[in-house]
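Below: one structure, written as structure tokens.
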Amino acid sequence: MTQPATRPPFEEDLFHRYLGLTLDEIRPGFARVRLKFGETTPRGIGGSVHGGVLAAMVDIAMLRAVIADLRPDDQLAGTADLNITYMRPAHGPTVDAEATVLRKGRQLAVVEVEIFDAQRRLCAKGRVLYAFRR
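For the sequence shown, the working numbering begins at 127 and goes up steadily by one.
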């Protein structure tokens, strides 16, 4: 994986654009990614956001929170583990994924991600381990 300085800006990433994601807020140890419903938004049962899209949002928001909290000697490796618990269907017109770095060590970061619908109801919760190279 390339280092953050060489990554394309968030909005230029083809996968992010395909899903309709924007980086709504970022600060050290925190990131909020927003999905805006569109004609191409993958839907699940009853028109809610497809669960695979929510899982992708967990991973994407997590990485942005980790990148915002990088130390000079950190080298990105990849997602080591991702767990998601779905609590209710996520309906639009927007859905937010809010990632918070809970702990960051030399080799792993532990990140919690919460998915909220437009009414700020908790729809899913993710826990992700992100690995660094040493």
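All C-beta atoms in this analysis are idealised placements derived from N, C-alpha and C, irrespective of residue type, glycine included.
DSSP, reduced to helix, strand and coil, places GLU240 within a strand of the structure shown.
Within the segment 173-256, the complete alpha helix (DSSP H) segments of 4 residues or longer fall at 177-193, listed in chain order. In the DSSP assignment, ARG158 falls within the unbroken beta strand (DSSP E) covering 156-162. Below 8 Å, enough C-beta pairs join the segment 241-257 and the segment 182-200 to call them touching: three or more. Here ARG153 carries a strand assignment [DSSP, helix/strand/coil].
In terms of Cα proximity to ALA244, the closest of ARG259, GLU165, ALA257, VAL221 is VAL221. Your pair GLY155 and THR226 checks out as a contact, with CB atoms roughly 6 Å apart and the cut at 8 Å. For PHE141, the enclosing alpha helix (DSSP H) begins and ends at 140-145. The beta carbon of VAL192 sits closer than 7 Å to those of VAL227, ALA235, VAL237, TYR256, all from its chain and outside the five residues before and after it, given in chain order. For the pair THR167 and ASP199, the Cα-to-Cα distance works out to about 38 Å. The beta carbon of GLU224 is closer than 6 Å to those of ARG158, GLU240 in its chain, skipping five residues each way along the sequence. The beta carbon of GLY170 lies closer than 8 Å to those of HIS176, GLY177, PRO215 in the same chain, with the five residues before and after it left out.
Leaving aside the five residues that flank ARG160 on each side, the residues in its chain whose CB is nearer than 6 Å to its CB run, in chain order, THR148, ASP150, THR220, ASP222.
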